[in-house]
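Mapping of the sequence shown onto my numbering: residues 15 to 320, in sequence order.
Presented below is the structure to which this report refers.
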Amino acid sequence: MGAKLPALLTLADLGEDALVARLLRGQPAGADVLTGPGDDCAVIGRPRDRRWQLLKTDCVIEHVHFAPDADPRRVGWKALCRAISDIAAMGGEPRHALITVAVPRTQPVAWLDGLYAGIAKAARKFGVGIVGGETARSPGAVFINVALTGEVERTRCVRRSGGRAGDALYVTGRLGGSLAGKHLDFTPRLAEARWLAAHFLPHAMMDLSDGLAADLQRLACASGCGYSIKSVPVTRGCKSAQAWNDGEDYELLFSIAERASLLLEREWQKAFPRLRLSRIGTLNQLTFGTQPACPPRGYDHFRQTL
Ligand SMILES: [Mg+2]
């Protein structure tokens, strides 16, 4: 198991990334795993297969990801769309989902009907088949887990780790203020990510779930690069710090060769005239002492409460 730690160290001290790294240490990986833990999805297949399988699991929990009085249809939409957003972030298409729900015995059946209506709406819109799952009693909060498969053409699979020094960095949409409502109603950028993977093949891509501060750090770190940021598109009425830290934006963050950037901007305008695409900065060489100070961290599940 992991290194010996002081007996009183808690999850709040350790933080999410360090905890995940600790838990996964020494776990076996299958022979056909092309990308294991640490990206938006696991990638399964053989190196020369035409298509690879994507695997994702994700949960939403009452009081953490949604309020008890939230419309259950919006909660169902969110639960499935979070996982779809991760499949999109790899350049892939979602396929089949298993839904696990744990609820208290007193939960109104109408609430669950609403939850599954929201799941069905998202499943229909994004071409997902709901193929099973599990229901259980919860002693407290409502808990919903989605396990989702997807597929991606080998030549279009985009990981977090492919960014190169000199790449242009982009985000879709505007960031910050998601709690005002977007976190329940967002549209996963599936069409946009598929289009990017088909026409521009970004070097690195991920979806923004924990805030640009945390997620940009993850992409740069996985790519072995530093970065410089010029400006960030902020949601109207929000402050810049919110764009960096709020989380749950579910926009795409990607890097692409600098020489492709002008063509990308022009073609994006034609393909997605209603969705903003912003050049936020550049990936650069990671040289000791030159990396700009890390911006404030984004959302960490064990360090903050909603
Ligand atoms: Mg993600």
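Backbone N, C-alpha and C fix where the C-beta goes; we use that ideal spot for every residue, glycine too.
Residues lining ligand 1 by the Cβ criterion, that is a Cβ closer than 6 Å to any of its heavy atoms, are Asp54, Asp100, Ala103, Met220, Asp221, Ser223 in chain order. A straight line joining the alpha-carbon of Gly154 with that of Ile75 spans about 10 Å. Here the alpha carbon of Ala56 sits roughly 32 Å from the alpha carbon of Pro287. Taking a contact as a CB-CB distance under 8 Å, the pair Ala103 and Ala207 counts as one, their CB atoms being some 6 Å apart. Counted as a single uninterrupted DSSP element, the stretch harbouring Leu215 is not any beta strand (DSSP E), since DSSP gives it neither H nor E. Here Lys196 carries a helix assignment [DSSP, helix/strand/coil]. Restricting attention to Arg65, Ile133, Arg138, Gly180, the CA atom closest to the CA of Arg168 is found in Arg65. In the three-state scheme derived from DSSP, where H, G and I count as helix and E and B as strand, Lys284 is classed as helix.
Sequence-distant partners of Asp46 (beyond 5 residues in either direction) whose C-beta falls short of 8 Å from its own C-beta, in its chain, are Ile58, Gly59, Arg60. Where Ala56 is concerned, the enclosing beta strand (DSSP E) starts and stops at 56-58.
For Ser242, the number of other beta carbons within 10 angstroms of its own is below 16, and it is reported as exposed. Runs of the beta strand (DSSP E) lying entirely within the region 70-139, each at least 3 residues long, are 107-117 in chain order. Under the DSSP definition of a beta bridge, Trp66 partners with Val166. Ranked by Cα distance from Val142, the options Ala116, Arg203, Gln121, Leu94 are led by Leu94.
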